[in-house]
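A.B. asks:
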Amino acid sequence: KAGVTQTPRYLIKTRGQQVTLSCSPISGHRSVSWYQQTPGQGLQFLFEYFSETQRNKGNFPGRFSGRQFSNSRSEMNVSTLELGDSALYLCASSLAGEGDGYTFGSGTRLTVV
Amino acid sequence: AQSVTQLDSQVPVFEEAPVELRCNYSSSVSVYLFWYVQYPNQGLQLLLKYLSGSTLVESINGFEAEFNKSQTSFHLRKPSVHISDTAEYFCAVGSGTYKYIFGTGTRLKVLA
Chain Y
88 KAGVTQTPRY LIKTRGQQVT LSCSPISGHR SVSWYQQTPG QGLQFLFEYF
138 SETQRNKGNF PGRFSGRQFS NSRSEMNVST LELGDSALYL CASSLAGEGD
188 GYTFGSGTRL TVV
Chain S
2 AQSVTQLDSQ VPVFEEAPVE LRCNYSSSVS VYLFWYVQYP NQGLQLLLKY
52 LSGSTLVESI NGFEAEFNKS QTSFHLRKPS VHISDTAEYF CAVGSGTYKY
102 IFGTGTRLKV LA
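Sequences listed follow chains Y and S, in order.
Per our numbering, the first sequence starts with residue 88, numbered consecutively.
Per our numbering, the second sequence starts with residue 2, numbered consecutively.
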């Protein structure tokens, strides 16, 4: 079956702009998580959604937001982009949560210039 | 608060030699433990997981990890590595809060 699909794969944005990243989970998976990966900070948890409800949120500023739709697809939005937001953004899905083991997508590489 | 420590940032090893990648965690509650592998320009792939039961877990490609509660460790081992095992390996812990805490990763470099 198809894996976790993230679009776009690469993105270049200018400081101050906003961006929306998309994630389609594996069919049947209802839990979707987002992580930010940078060389300096490693993998940092952004948020997790299950059945359109946010169950946990990481320590990121309010500029980072997300949502999940009724078909489990998820989007994350970053407003007022800063240079430090340049990172690989990874989406992961599982049947119901962390105990199932998350399957990760290939990520969206965001570069802010 | 939970934390995960991967002490070795880089591990070079010759092909067909054994390897151990170390992972220690800190948590006051029961945890789930995972190892993920990341190849260049790709996402993370689940290698193996410990949820409960047998403390020794194995993956289909020859890796194994042993959960040691007293030492709070979950080291990853492989008796004989291949060039294709060159990648970055991440240890992660979950504890029922719907998120993983990841270690900083270990770059395994297999030398011919």
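From the three backbone atoms N, C-alpha and C, an ideal C-beta is built for every residue, glycine too.
May I have the straight-line CA-CA distance separating THR56 (chain S) from LEU98 (chain Y), to the nearest angstrom?
C.D. replies: Reading the second sequence from its first residue, position 55 is the one you call residue 56 (chain S). Reading the first sequence from its first residue, position 11 is the one you call residue 98 (chain Y). Their backbone Cα atoms lie some 42 Å apart in a straight line.
A.B. asks: Name the two residues that bound the continuous beta strand (DSSP E) containing LYS100 (chain S).
C.D. replies: In the second sequence, residue 100 (chain S) corresponds to position 99, counting from 1. Looking at the DSSP string, LYS100 (chain S) is not in any beta strand (DSSP E), and its letter there is neither H nor E.
A.B. asks: Taking just the CA atoms, how far does GLY171 (chain Y) sit from ARG78 (chain S)?
C.D. replies: One-based indexing of the second sequence puts residue 78 (chain S) at position 77. One-based indexing of the first sequence puts residue 171 (chain Y) at position 84. Near 35 Å, if we compare the C-alpha coordinates of GLY171 (chain Y) and ARG78 (chain S).
A.B. asks: Below 8 Å on the Cβ atoms is my guess for GLN124 (chain Y) versus LEU130 (chain Y); work out the distance and round it to an integer in Å.
C.D. replies: The residue you call residue 124 (chain Y) lines up with position 37 of the first sequence. The residue you call residue 130 (chain Y) lines up with position 43 of the first sequence. About 5 Å separates the two Cβ atoms, so the contact holds.
A.B. asks: Counting C-beta neighbours from all protein chains within 10 Å, is the total for THR167 (chain Y) 16 or more, i.e. buried, or is it exposed?
C.D. replies: For this step, residue 167 (chain Y) is matched to residue 80 along the first sequence. Result: exposed.
A.B. asks: So with Cβ pairs under 8 Å, would you call LYS50 (chain S) a contact of chain Y?
C.D. replies: In the second sequence, residue 50 (chain S) corresponds to position 49, counting from 1. Judged by the 8 Å Cβ criterion, LYS50 (chain S) is in contact with chain Y.
A.B. asks: What are the residues of the stretch 46 to 80 of chain S that lie near chain Y, defined by any Cβ-Cβ distance shorter than 8 Å?
C.D. replies: GLN46, LEU47, LYS50 and LEU52
A.B. asks: By the 10 Å Cβ neighbour count, where 16 or more other Cβ atoms means buried, how is GLY63 (chain S) classified, buried or exposed?
C.D. replies: Reading the second sequence from its first residue, position 62 is the one you call residue 63 (chain S). Counting the other Cβ atoms within 10 Å of the Cβ of GLY63 (chain S) gives fewer than 16, which makes it exposed.
A.B. asks: List the residues of chain S that ARG117 (chain Y) touches, going by C-beta distances under 9 Å, in chain order.
C.D. replies: Here the question's residue 117 (chain Y) lines up with position 30 in the first sequence. Chain S residues near ARG117 (chain Y): none, gap ~12 Å exceeds 9 Å.
A.B. asks: Is the CB of ASN143 (chain Y) under 8 Å away from at least one CB in chain S?
C.D. replies: Locating residue 143 (chain Y) in the first sequence gives position 56, counting from the first residue. True, the Cβ-Cβ gap to chain S drops below 8 Å.
A.B. asks: Counting only C-beta atoms, is SER159 (chain Y) closer than 8 Å to chain S at any point?
C.D. replies: Start at 1 with the first residue of the first sequence, and residue 159 (chain Y) comes out as number 72. It does not; no Cβ of chain S falls within 8 Å.
A.B. asks: Is the Cβ-Cβ distance between CYS92 (chain S) and VAL5 (chain S) less than 8 Å?
C.D. replies: Residue numbering aside, residue 92 (chain S) sits at position 91 when the second sequence is read from its first letter. Residue numbering aside, residue 5 (chain S) sits at position 4 when the second sequence is read from its first letter. Yes; because the gap between Cβ atoms is below 8 Å, this pair is in contact.
A.B. asks: Which of helix, strand or coil does DSSP assign to GLY129 (chain Y)?
C.D. replies: Your numbering for residue 129 (chain Y) matches position 42 in the first sequence. Of the three classes helix, strand and coil, the one that applies to GLY129 (chain Y) here is strand, per DSSP.
A.B. asks: Residues of chain Y with a CB under 7 Å from the CB of THR98 (chain S): which are they?
C.D. replies: Against the second sequence, residue 98 (chain S) aligns to sequence position 97. Those within 7 Å of THR98 (chain S) in chain Y are ASN143.
A.B. asks: Using a Cβ-Cβ cutoff of less than 8 Å, which residues in the same chain neighbour ARG102 (chain Y) once the five nearest sequence positions on both sides are dropped?
C.D. replies: As a position in the first sequence, residue 102 (chain Y) is number 15, starting the count at 1. Within the same chain, ARG102 (chain Y) has close Cβ partners LEU168, GLU169, LEU170, VAL199 and VAL200.
A.B. asks: Measure how close the beta-carbons of TYR33 (chain S) and GLU185 (chain Y) come, nearest whole angstrom, since I'm counting them as under 8 Å.
C.D. replies: Within the second sequence, residue 33 (chain S) is the residue found at index 32, counting from 1. Within the first sequence, residue 185 (chain Y) is the residue found at index 98, counting from 1. Sure, about 6 Å apart at Cβ, within 8 Å.
A.B. asks: Just to confirm, are SER31 (chain S) and SER74 (chain S) a CB contact at a threshold of 8 Å?
C.D. replies: One-based indexing of the second sequence puts residue 31 (chain S) at position 30. One-based indexing of the second sequence puts residue 74 (chain S) at position 73. No.
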